[in-house]
Each structure stands twice: as structure tokens, then as C-alpha cells.
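Residue numbers (the numbering used here): 897 to 1034.
In what follows, a single structure is set out as C-alpha cells and then discussed.
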Amino acid sequence: DGIVLGADTRATEGMVVADKNCSKIHFISPNIYCCGAGTAADTDMTTQLISSNLELHSLSTGRLPRVVTANRMLKQMLFRYQGYIGAALVLGGVDVTGPHLYSIYPHGSTDKLPYVTMGSGSLAAMAIFEDKYKPDME
């Protein structure tokens, strides 16, 4: 079992392409990664902060963090700022309880789903998922 995360590298400002080589897949921990949509600076800083906090958590517990722990840290931080941090995130990883995939919105709400899309290309990507996705795919 596993999780597949994918992202483009295009950063836009409205209809203008601001950066053609923007990394949108962020390291959280060895077993957890996060894709970001929204304000690039906000997604970078948010994921770096949570990655740092999870590293401290791992050092104190002696174990890899669970994906639900990263989800809780992210949602609590974003909720505290009431949507003023423009980070919409797709969090995915595998831990001792199995694979997990969450969507996390800028105001702190989260969903656990079998597939998720976010960002400017989300409608086209969702159309493909809805047409082709089957549970227990190999």
C-alpha cells in the first residue's frame, strides 16, 4: 500500500505565469510529504514549520510520526490564523496504521479522501480521477 502525490511546477499570479520551476511537493518527514496550492511563500513556510515540529516530535518519541499527527498540527496552525495563511495543502504518507491522504484548507478544515485535487488545475484532474479511479487499484 502507498500514496501517490503529484504536482506541476508552474506558479501563477492570476492569468500570468510567474515561475515555471516552482517546487510544490514539500518534505514533511521521511514517511510524509505535502503538496501545496495557494500562496507559494505561505505553503513553503507552513510546511517547513510543521516539518521542524514533527522532527522534534520524532526525537522525543523515538518513532516516525503518524500522518494524522501532521494533519492535526497543520489544521490547528491554519485555524489559528483564520485563513490569512494562504496555504491549501494535500498531505499524504504511510505510517504504522497504513496509507493516508488528507486535503487541508487555509482556514483549517480537513478531509480524508481516497483522492484529492487542489489548485488551478484541480477541475481537470478531478474529472480524470472521477472517471478512472477504482478502489484497490494496483
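Where a beta carbon is used, it is the ideal one built from N, C-alpha and C, also for glycine.
Predicted model, so just to flag it, every value in this text is computed and none were measured.
So who's on the other strand from S948, going by DSSP bridges?
-> Here residue 948 corresponds to residue number 52 of the sequence shown, with the count starting at 1. None; S948 has no bridge partner.
Is the segment 968-986 touching the segment 998-1007 in the sense that three or more CB pairs, one from each, lie closer than 8 Å?
-> yes
Contacting residues, own chain, Cβ-Cβ under 6 Å from R962 (five flanking each side not counted) | The count along the sequence shown starts at 1 and reaches residue 962 at position 66. If we look at R962 and ignore the five residues flanking it on each side, its Cβ neighbours are D991.
Return the chain-ordered ranges of every alpha helix (DSSP H) run that is complete within the segment 989-1031 and spans a minimum of 4 residues.
-> 1018-1028
Can you tell which of S1018, T1006, P1010 and L1019 has the C-alpha that lies nearest to the C-alpha of K1030?
-> Taking the first residue of the sequence shown as position 1, residue 1030 is located at position 134. The shortest C-alpha separation from K1030 is found at P1010.
Give a yes or no on contact between the segment 913-920 and the segment 949-964, applying the rule of three or more CB pairs nearer than 8 Å.
-> no
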